[in-house]
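Protein sequences appear in the order of chains A and B.
106 is the number that our numbering gives the last residue of the first sequence; the numbers go up by one with no jumps.
136 is the number that our numbering gives the last residue of the second sequence; the numbers go up by one with no jumps.
Notes to accompany the following structure.
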Amino acid sequence: DSGVTQTPKHLITATGQRVTLRCSPRSGDLSVYWYQQSLDQGLQFLIQYYNGEERAKGNILERFSAQQFPDLHSELNLSSLELGDSALYFCASSVAPDSTNYGYTFGSGTRLTVV
Amino acid sequence: GDSVTQMEGPVTLSEEACLTINCTYTATGYPSLFWYVQYPGEGLQLLLKATKADDKGSNKGFEATYRKETTSFHLEKGSVQVSDSAVYFCALKPGSARQLTFGSGTQLTVLP
């Protein structure tokens, strides 16, 4: 157990729907990162939050949004889902906004299947 | 922009064979370099890291040396085990960025 908790582990939904993925960072970590892992795109950085504020944005679609709450858990909202959004979504956390020395701690991911 | 190029897989080895997974990078400045491992059904775990040129990261018998002159960070292990079967990701973090950039991953299968 890495200490980063992601729920749900699996999610199957239809095209056009909206889902919310949840992440609780490791105790003491203030920074949360979201990544999408798909077969054709590899691991793509989506967005980073630090202590409730957005810090960096990557290849995140406008249909996707995220937030980090005062208790530091984060949610990734995916709307108007398309078949191509099927992927593994990983959350990672780190102590500081700059992860140079320690890298990240990853959760075990949420597997989203859009049918 | 910043990028990581990894040796394409899959790689299949017999137990006790030597392993090298090549990783080269393109980045501005002096990035930190990482190797992560992903076991089936799990998230990525940090395997080793190096934060400056000529640093050697090592863990669990794996090692990698930060080579600035060749912009490389190849992963090596002298004798692999069946339990090393996993996907290995090379990653970098440029000094100016806040997030890691990952390579495409290399699937390693070790046969008994």
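The beta-carbon is built from N, C-alpha and C at its ideal position, and this holds for glycine as well.
With a cut-off of 8 Å on the beta carbons, I'd call residue i and residue j a contact; round off their distance for me.
{"i": "B:Thr38", "j": "B:Leu135", "result": "Contrary to the premise, residue 38 of chain B reads as Ser rather than Thr in this sequence. At roughly 5 Å, the Cβ-Cβ gap stays under 8 Å, so B:Ser38 and B:Leu135 are in contact."}
{"i": "A:Thr(-4)", "j": "A:Gly98", "result": "6 Å"}
{"i": "B:Cys42", "j": "B:Val28", "result": "Not confirmed; about 23 Å, so no contact."}
{"i": "A:Thr4", "j": "A:Leu72", "result": "6 Å"}
{"i": "A:Ser65", "j": "A:Ala57", "result": "6 Å"}
{"i": "A:Ser22", "j": "A:Gln39", "result": "7 Å"}
{"i": "B:Leu71", "j": "B:Asn83", "result": "6 Å"}
{"i": "A:Pro16", "j": "A:Leu67", "result": "Actually they are not in contact, since the Cβ atoms of A:Pro16 and A:Leu67 sit about 13 Å apart, beyond 8 Å."}
{"i": "A:Thr96", "j": "A:Asp20", "result": "7 Å"}
Could you give the DSSP three-state label for residue i: helix, strand or coil?
{"i": "A:Thr79", "result": "With the sequence shown as reference, residue 79 of chain A is identified as Leu, and Thr is not the correct amino acid for it. In this structure, A:Leu79 counts as strand in the three-state DSSP scheme."}
{"i": "A:Leu52", "result": "coil"}
{"i": "A:Leu188", "result": "Nothing about residue 188 of chain A can be read from this structure; chain A reaches only from -8 to 106."}
Counting contacts by CB-CB distance shorter than 7 Å, is residue i in contact with chain D?
{"i": "B:Leu99", "result": "Chain labels in this structure do not include chain D; the protein chains are A and B."}
I want to know whether the segment 48 to 64 of chain B touches the segment 103 to 121 of chain B - three or more CB-CB distances under 8 Å.
In short, these stretches touch, since the Cβ pair count reaches three.
Taking any Cβ of chain B, which residues in the segment 32 to 60 of chain A have a Cβ under 7 Å from it, in chain order?
Gly33, Leu34, Phe36, Gln39, Arg46, Ala47 and Gly49
Interface positions of the segment 92 to 105 of chain A facing chain B (Cβ-Cβ less than 9 Å), listed along the chain:
Asn92, Tyr93, Gly94, Tyr95, Thr96, Phe97, Gly98, Ser99 and Gly100
Could you name each continuous alpha helix (DSSP H) segment of 4 residues or more that falls completely within the segment 82 to 106 of chain B, going from the start of the chain to the end?
none
For the segment 49 to 67 of chain B, which residues have a CB atom closer than 7 Å to at least one CB atom of chain A, in sequence order?
Residues of the segment 49 to 67 of chain B that bring their beta carbon within less than 7 Å of a beta carbon in chain A comprise Ser56, Phe58, Glu66 and Gly67, in sequence order.
Proximal residues, the segment 0 to 24 of chain A versus chain B, C-beta separation under 7 Å:
Per Cβ criterion, the list reads Tyr24.
List, from N- to C-terminal side, the beta strand (DSSP E) runs of 3 residues or more that fit wholly inside the segment 19 to 53 of chain A.
22 to 29, 33 to 41 and 44 to 48
Taking any Cβ of chain A, which residues in the segment 114 to 136 of chain B have a Cβ under 9 Å from it, in chain order?
Ala115, Lys117, Gly119, Ala121, Arg122, Gln123, Leu124, Thr125, Phe126, Gly127, Ser128 and Gly129
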